[in-house]
């Protein structure tokens, strides 16, 4: 496997070791005539010590270090811009060689959550999402997915450890549809949860999907992961308008896929997360809440209501905060676990649905906050 990476703008054909999970790393070392345990050693250097300099890996033989320098690299895409919100949220612009993605760190009292991207742009064209309006550029490599975590860990867990809560949770909810980059996302998930990798509990990693049914079925056979389903509508008519993917995989077929997944999942036994963006006069009435109850009555779930976040050239309006509360209370009174997501990073366009990877992107702040 050969990956071309940009290293200070000098293109060199080398194998990027950040593209390998443990099994692939061992196969790589065996393929170059080395013992498989060397793979374990180098993963510890990469993911526990955040070291990308082979010369500093002193428990590796000198000849091996020379060989690795010649044929391989450890390269995570660089953060080229950092914005800090008034609420402590941090957004990084990530350089992918003439394209950019965004990664967001959300500090909370008892945890630090990192929201990472899986694609540059998105093909699904959800109408309420800035990434969807951008269009699709390409899938991210494994090294570009885990590289976001690697860079953020170095900044937060090491450089800013006395200021911010360490990263404890990962959500694949940034730019792109993770299940349309299936193989690379699965490999990245293995690296995240491996004790030789980032060693993050699978219960603290959430994959968000709009509902790619064949991929959900495939995922259930390969890996158990916490799922968040971007539903955002209580009937097919509304979902068809705001999420074109529904014309291919409608709500009923999606919920059937979720039930199949839940039968095999141990991690989601307490309920799958249903994400529901609140759009004024579109999906936010009590009638819509009643429809949602009927849809989810047989689905073990937790409903996460998301106040819509404005972005440039958008045509929606956020539901009033009082209407969101009424909607939530209606669901709660019917026995559904329901929370209202607190918008984070709105002033730096880092909130849910605002990511677009554009360095020059700006928005009138007066339009961003709920009244």
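Residue numbers (this note's numbering): 161 to 531. We put the beta carbon where it would ideally sit given N, CA and C, even for glycine.
Residue 231: member of the alpha helix (DSSP H) spanning 222–231, first to last residue.
Restricting attention to 268, 251, 275 and 279, the CA atom closest to the CA of residue 259 is found in 279. In the assembly as shown, residue 392 is a buried residue. Its beta-carbon has 16 or more other beta-carbons within 10 Å. One thing to note: residue 332 has its Cβ no nearer than 8 Å to the Cβ of residue 360.
Around the beta-carbon of residue 447, fewer than 16 other beta-carbon atoms lie within 10 Å, marking it exposed. Beta-bridge annotation (DSSP): residue 467 is paired with 438.
The stretch 299–307 and the stretch 244–253 do not touch, with fewer than three beta-carbon pairs separated by less than 8 Å.
A straight-line Cα-Cα distance of about 14 Å links residue 436 and residue 450.
Under DSSP, the beta-bridge partners assigned to residue 253 are 241 and 262.
Distance from the CA of residue 246 to the CA of residue 507, rounded to the nearest whole angstrom, comes to 7 Å. The DSSP-derived three-state label of residue 424 is helix. In the three-state reduction of the DSSP assignment, residue 400 falls in the helix class.
The Cβ neighbour count for residue 223, taken over all protein chains shown within 10 Å, is under 16; the residue is labelled exposed. Burial is judged here by how many other beta carbons sit within 10 angstroms of a residue's own beta carbon; residue 477 has fewer than 16 and is exposed. Listed in chain order, the alpha helix (DSSP H) elements of length 4 or more contained wholly in the stretch 185–209 are 197–207. Shown here for residue 298: same chain residues with a beta carbon closer than 6 Å to its own, the five before and five after excluded, namely 280 in chain order. A distance below 8 Å separates the beta carbons of residue 178 and residue 236.
Using a C-beta cut-off of 8 Å, the stretch 410–425 makes contact with the stretch 458–467, since at least three inter-stretch Cβ pairs fall below that distance.
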